[in-house]
Amino acid sequence: MTQAQRTCIACREAEREGGVVISCLDCFTEGDNICLFVYSVPRWFRNMWLIGTPTQHTCLVEAEDPPETVLRRANNLLANHGGFSADSYDLVTNNCQHFAIYCKTGRKLTRFD
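Positions in the sequence shown are counted from 1; adding 33 to them yields the working numbering.
The following block contains the structure:
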């Protein structure tokens with residue numbers, strides 16, 4: 034099955050220039066599981082990756098903001114391309130994880146995170 038056949042009509046007709054895009058949950062997951070990301074975890078838990086526990090990319094010490102704030106940030110970034118367009122998208126330093134964390138917390142990740 035091709036990507037176009039797995040994608041719903043709304044997502045297929047959406048603007049696809051690269052970078053961060055809007056999609057429905059079914060098209061985003063493509064049948065895979067969703068990974069839960071947790072906020073407001075204790076620093077010791079966040080740092081467990083140092084001893085071999087893979088928690089680094091599933092949690093943050095920072096608290097998440099209310100849904101209204103998160104949606105406002107996301108919509109503003111998407112409307113103005115907010116540094117997450119195809120031209121500025123970078124797999125390592127400016128990717129979908131950076132977008133999501135900024136929307137949820139208001140914090141921009143650095144190359145040291």
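Don't be surprised by glycine CBs; every beta carbon is placed ideally from N, CA and C.
Note that the coordinates shown come from a computational prediction; the quantities given were computed from them, not determined experimentally.
{"Query": "Which of helix, strand or coil DSSP assigns to residue 66", "Result": "coil"}
{"Query": "For residue 127, the residue or residues it bridges with in DSSP", "Result": "123"}
{"Query": "Supposed contact pair residue 93 and residue 79 - C-beta distance, whole angstroms, cut 8 angstroms", "Result": "7 angstroms"}
{"Query": "Helix, strand or coil at residue 71 according to DSSP, with G and I counted as helix", "Result": "strand"}
{"Query": "Residue 92 (DSSP reduced to helix, strand or coil)", "Result": "strand"}
{"Query": "Alpha helix (DSSP H) segment containing residue 102, residue limits", "Result": "100-112"}
{"Query": "Residue 57 (DSSP reduced to helix, strand or coil)", "Result": "coil"}
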